[in-house]
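The sequence shown begins at 17 in this note's numbering and counts up by one. Positions of the beta carbon are idealized from the N, C-alpha and C atoms, including for glycine. None of the values given here were measured: they were computed from a predicted structure. The structure appears right after this line, and notes come after that.
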Amino acid sequence: FRRTKAEPAIAAELPDRIDELDLCSMTPEQIGLYQAVLDDLVVATSDTDGPKKKGAVLAAITALKQICNHPAAYQADDEPLDGRSGKLSRLNEIVDQVFAANERILIFTHFATWGETLAGYLSDRTGMKIHCYHGGLARGARDRLVDEFQKSSGPGAMVLSLKAGGTGLNLTAANH
Numbered sequence: 017f018r019r020t021k022a023e024p025a026i027a028a029e030l031p032d033r034i035d036e037l038d039l040c041s042m043t044p045e046q047i048g049l050y051q052a053v054l055d056d057l058v059v060a061t062s063d064t065d066g067p068k069k070k071g072a073v074l075a076a077i078t079a080l081k082q083i084c085n086h087p088a089a090y091q092a093d094d095e096p097l098d099g100r101s102g103k104l105s106r107l108n109e110i111v112d113q114v115f116a117a118n119e120r121i122l123i124f125t126h127f128a129t130w131g132e133t134l135a136g137y138l139s140d141r142t143g144m145k146i147h148c149y150h151g152g153l154a155r156g157a158r159d160r161l162v163d164e165f166q167k168s169s170g171p172g173a174m175v176l177s178l179k180a181g182g183t184g185l186n187l188t189a190a191n192h
């Protein structure tokens, strides 16, 4: 049986959730890509109606979300990731603070491919193996990642795609 946070007995066991909003400035590269997508959208929707217009708007929303994460999330390239995204710079600060406190963190993303890239980047940056939990992994592999994360001690992180990690997954070893 699935237990949910909505159940009073479960909710009483959980600490209060604390949400903090952080505003992250975009880099010039991000701003340029963002504006290019908007310019293309204006052209693509100026003389189109119906499904084509709707499809162009939805594609642009996805592209804009990717650009806000990192230019490499929008257009994969072989360039280094550092210095190209305000959001990645802030994530690095957060991960450094969490690891310095000897704690663990979960990092969620909408995009599994970006999650894989981010996990590799953070592994290289921190010197610790950081995995990405996503729907493309076999069930056994996902179970192993969860088990390993839950049983590990000391600082650590896991990147999760929202689709795969958003429901029915308990990762109590992380407090961030």
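For F165, the enclosing alpha helix (DSSP H) stretches over residues R155 to K167.
Using a Cβ distance threshold of 8 Å, C40 and R106 count as a contacting pair. I121 is a Cβ neighbour of A190, given a cutoff of 8 Å. Look at A135 here: in three-state DSSP terms it is helix. At least 8 Å separates the beta-carbon of S169 from that of T125. The beta carbon of A154 sits closer than 8 Å to no other beta carbon from its chain once the five residues preceding and following it are set aside. Distance from the Cα of Q166 is smallest, within the candidate group E95, L187, P44 and A180, for L187. By the neighbour-count criterion, in which 16 or more other beta carbons inside 10 Å mark a residue as buried, P44 falls on the exposed side. In terms of Cβ geometry, V175 and I146 form a close pair [threshold 8 Å]. As the crow flies, the alpha-carbon of M42 is around 27 Å from that of G172.
Residue pairing by DSSP places Y149 opposite L176 in a beta bridge. When DSSP reads this structure, I121 sits in a beta bridge with A173.
Selection A76, D163, G143 and S101 evaluated against H86 yields S101 as nearest (Cα-Cα). T61 places its beta carbon less than 8 Å from that of V73.
In this structure, G152 places its C-beta atom within 8 Å of the C-beta atom of A128.
Restricting attention to A117, Y137 and K69, the CA atom closest to the CA of G99 is found in Y137. Annotation note: the segment 30 to 86 contains the following uninterrupted alpha helix (DSSP H) runs of length 4 or greater, listed N- to C-terminal: 44 to 62 and 67 to 85.
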